[in-house]
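Protein sequence lines, in the order shown, are assigned to chains A and B. Per the working numbering, the first sequence runs over residues 1 to 279. Per the working numbering, the second sequence runs over residues 280 to 558. For glycine and all other residues, C-beta sits at the position ideal for the given N, C-alpha and C.
2 protein chains.
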Amino acid sequence: MNINQLTSLIKRKESLLCVGLDTDLALIPKHLLEYEDPIFEFNKQIIDATLDIAVAYKPNIAFYEAMGIKGWQALEKTIKYLNQHKDEAFTIADAKRGDIGNTSRMYAKAFFEWLNFDSITVAPYMGEDSVTPFLDYKDKWVILLGLTSNKGSKDFQFTESNGVRLYEQVIKKAQQWGGPERLMFVIGATHPQELKAIRQIAPDHFFLVPGVGAQGGDVAEICEAGINSRGGLLINSARQIIYASGGKDFAEKAREMAIATREPMKKYISGLKAESIIG
Amino acid sequence: MNINQLTSLIKRKESLLCVGLDTDLALIPKHLLEYEDPIFEFNKQIIDATLDIAVAYKPNIAFYEAMGIKGWQALEKTIKYLNQHKDEAFTIADAKRGDIGNTSRMYAKAFFEWLNFDSITVAPYMGEDSVTPFLDYKDKWVILLGLTSNKGSKDFQFTESNGVRLYEQVIKKAQQWGGPERLMFVIGATHPQELKAIRQIAPDHFFLVPGVGAQGGDVAEICEAGINSRGGLLINSARQIIYASGGKDFAEKAREMAIATREPMKKYISGLKAESIIG
């Protein structure tokens, strides 16, 4: 999916919502355990119930990997199902990969060829050659970790060198590797002030913003700080939506929570100008 | 495997050699393609041919992931095979994982419970809660990226803050999270001078040293700079050993290359004192 298609989707659905598919066998409703593949069945019902509300889906790869071969098979089915609705949702492999060049090429092959995701999250520690192999694919995206939502983000990301914090350095340097049509940044919702400042450093790039819902970030505050003329935000909520109910009504309740999460986004999107879609 | 067992293994085999299983269907000998699982067959023959020479094996997870479900099945078979020789080799999942706490727990489950590796490589960018879930497993290890072997290591890892480089900061801070019996660092062989200085910061920790062979690092120079009383080094070579020959003699040639790579290590190991094995 390219940036124009993504912006169109955001305007059409009046939404910046990304649904995080952190699907855990221990947390899904018990009646699904009767299905041959409970994880896929859960994901399918969540997707069906939210596809007109969400613009993106983000399977958290760790949750599938933890289940072994069966987990990878459930992930494969989930992305195939999402790819049957290719124009309806942007897909994110939340995998946080990154290695030396010849190895990153293999990770790119896994997520862009085998699984055919639109994008993958990548860790920046190993620098340029760990990131660029993912940028070689047309209409595929790198979502590079900038400032993450977790407590440990304080350990190294705020380290200052000549007045520049590490996450700022990452965001500045990475813009030499890929433009806003190919590269996004992860900016945690738990740092709204910093998000506002990061928007100055990277005015045109999309940000994937995890950390609303269970982690405490506020949707309106993020929109206020981060929206740009293309939308520029994908705001992820996982647990709060997908586990809104543990009963047979889980998909219905997930839909209700998705609608409620989208609500404060609407007014920011309706303010976007028609001409913001670039050629 | 615990640190005493690892040191014993190093002394017994007079070796610090780690064989990197970067197994690529496009590079293995053609006659293996007739096997039901050519990747596993290749790995098995490499392991059989080098098990008395190498102290560790490091499958590079990207290479398996790139082959989809079949790749994961080949990896599963490879680690099961290695675990049949549990006292003979330390196993490393070179996966470079790392995410917020609840997600790192899932990655730990994948590599320590499903696949039962002794250790996993972890990226430090997301800080403490991305690393500590891997440290909760008895006799399992985190191998944290310190200073990597690739060109991109220059992009962020050398960034100085108050005279301290980022990789130094990572190595110092991480020692608060885990001791030498649980935590190692990745230090690329392409930075021998820095490796010597890092040994001063972390005198007791093991270093996994990639980058000899195809990437150009020198074995004797690394031993000189990095050996400690427990051995303290696992020196990885992948392509140069496993692809020493592309013909039917690949395992034999891999063995010869493993022996040649081990040769300069011997004199450093024979210098280790018997009492260096701690209780």
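Burial state of residue i (16 or more Cβ within 10 Å)
i, result
"Gly442(B)", "exposed"
"Tyr522(B)", "buried"
"Tyr35(A)", "exposed"
"Ser555(B)", "Because Ser555(B) sits at a pLDDT of 48, beneath the cut-off of 50, its placement in the model cannot be relied upon, and the following sentence gives the value as read from the coordinates. Classification of Ser555(B): exposed, given that the 10 Å Cβ count is below 16."
"Ser270(A)", "exposed"
"Asp139(A)", "exposed"
"Leu306(B)", "exposed"
"Ile348(B)", "exposed"
"Gln193(A)", "exposed"
"Pro38(A)", "buried"
"Gln448(B)", "buried"
"Gly467(B)", "buried"
"Ala66(A)", "buried"
"Pro203(A)", "exposed"
"Ala368(B)", "buried"
"Lys30(A)", "exposed"
"Met280(B)", "buried"
"Gln200(A)", "exposed"
"Lys109(A)", "buried"
"Gly496(B)", "buried"
Short CB-CB distance (under 8 Å) between residue i and chain B
i, result
"Phe112(A)", "no"
"Lys96(A)", "yes"
"Ile69(A)", "yes"
"Gln73(A)", "yes"
"Asp37(A)", "no"
"Glu221(A)", "no"
"Ile100(A)", "yes"
"Thr159(A)", "yes"
"Gly279(A)", "Annotation note: pLDDT 37 at Gly279(A) (below 50); position unreliable, no value reported."
"Glu76(A)", "yes"
"Glu2(A)", "With the sequence shown as reference, residue 2(A) is identified as Asn, and Glu is not the correct amino acid for it. No - not a single Cβ of chain B is within 8 Å of the one on Asn2(A)."
"Gly213(A)", "no"
Test: residue i CB closer than 8 Å to a CB of chain A
i, result
"Ser287(B)", "no"
"Gly505(B)", "no"
"Arg541(B)", "no"
"Phe342(B)", "yes"
"Ser516(B)", "no"
"Ser555(B)", "Confidence at Ser555(B) is low in this model, with a pLDDT of 48, below 50, so the placement of that residue should be treated as unreliable; the coordinate-derived value is given next. With 8 Å as the cut-off, Ser555(B) does not count as an interface residue toward chain A."
"Asn362(B)", "no"
"Glu293(B)", "no"
"Ala345(B)", "yes"
"Glu460(B)", "no"
CB-CB length for residue i against residue j, believed under 8 Å
i, j, result
"Pro59(A)", "Leu75(A)", "6 Å"
"Asp233(A)", "Phe206(A)", "Strictly speaking, residue 233(A) in this sequence is Leu, with Asp absent from that position. Between Phe206(A) and Leu233(A) the Cβ distance is about 7 Å, and since that is below 8 Å, they are a contact."
"Pro489(B)", "Asn515(B)", "4 Å"
"Thr400(B)", "Ser428(B)", "With 8 Å as the limit, Thr400(B) and Ser428(B) do not qualify as a contact, their Cβ atoms being about 12 Å apart."
"Thr23(A)", "Asn43(A)", "6 Å"
"Ser208(A)", "Cys18(A)", "Per the sequence shown, residue 208(A) should be read as Leu rather than Ser. 7 Å between Cβ atoms; contact."
"Ile326(B)", "Leu361(B)", "7 Å"
"Thr91(A)", "Tyr57(A)", "6 Å"
"Gly377(B)", "Lys11(A)", "35 Å between Cβ atoms; not a contact."
"Gly127(A)", "Ser409(B)", "Contact flag wrong, Cβ pair sits at about 19 Å."
"Phe40(A)", "Met385(B)", "That belief does not hold up - the Cβ atoms of Phe40(A) and Met385(B) are roughly 17 Å apart, past 8 Å."
"Asp421(B)", "Leu462(B)", "A small correction: the amino acid at residue 421(B) is Val; Asp does not occupy that position in the sequence shown. Indeed, because the Cβ distance is near 5 Å, the residues count as touching under 8 Å."
Paired residues, beta bridge with residue i - DSSP
i, result
"Val491(B)", "Gly496(B)"
"Cys297(B)", "Ala335(B), Asn515(B)"
"Asp373(B)", "Asn339(B)"
"Asn228(A)", "Gly231(A)"
"Leu462(B)", "Val421(B)"
"Ile120(A)", "Ala93(A), Val142(A)"
"Glu160(A)", "Arg165(A)"
"Phe207(A)", "Phe185(A), Leu233(A)"
"Leu426(B)", "Ile466(B)"
Beta-carbon neighbours of residue i, restricted to chain D and to distances below 9 Å
i, result
"Phe435(B)", "The displayed structure is made up of protein chains A and B, and chain D is not among them."
heavy atom of the ligand SAM below 7 Å from residue i C-beta
i, result
"Glu439(B)", "As for the ligand SAM, it is missing from this structure, which has no ligand bound."
Exercise for the section: For the region 468 to 481 of chain B, enumerate the residues whose C-beta is nearer than 8 Å to any C-beta of chain A, in chain order. Expected result: Per Cβ criterion, the list is empty.
Problem - Residues in the region 383 to 415 of chain B having any Cβ partner in chain A nearer than 7 Å - result: Within the region 383 to 415 of chain B, those residues whose Cβ lies closer than 7 Å to any Cβ of chain A are, in chain order, Met385, Tyr386, Lys388, Ala389, Trp393, Ala402, Pro403, Tyr404, Met405, Gly406, Glu407, Asp408, Ser409.
Exercise for the section: Give the residues from the region 320 to 331 of chain B that approach chain A closer than 9 Å (Cβ to any Cβ), ordered along the chain. Expected result: Under the 9 Å Cβ criterion, the region 320 to 331 of chain B contributes no residue.
Handout entry: Interface positions of the region 417 to 433 of chain B facing chain A (Cβ-Cβ less than 9 Å), listed along the chain
Key = The residues in question are Leu424, Thr427, Ser428, Asn429, Lys430, Gly431, Ser432, Lys433.
Problem - Members of the region 241 to 253 of chain A near chain B, C-beta cut-off 9 Å - result: Listed in sequence order: no entries.
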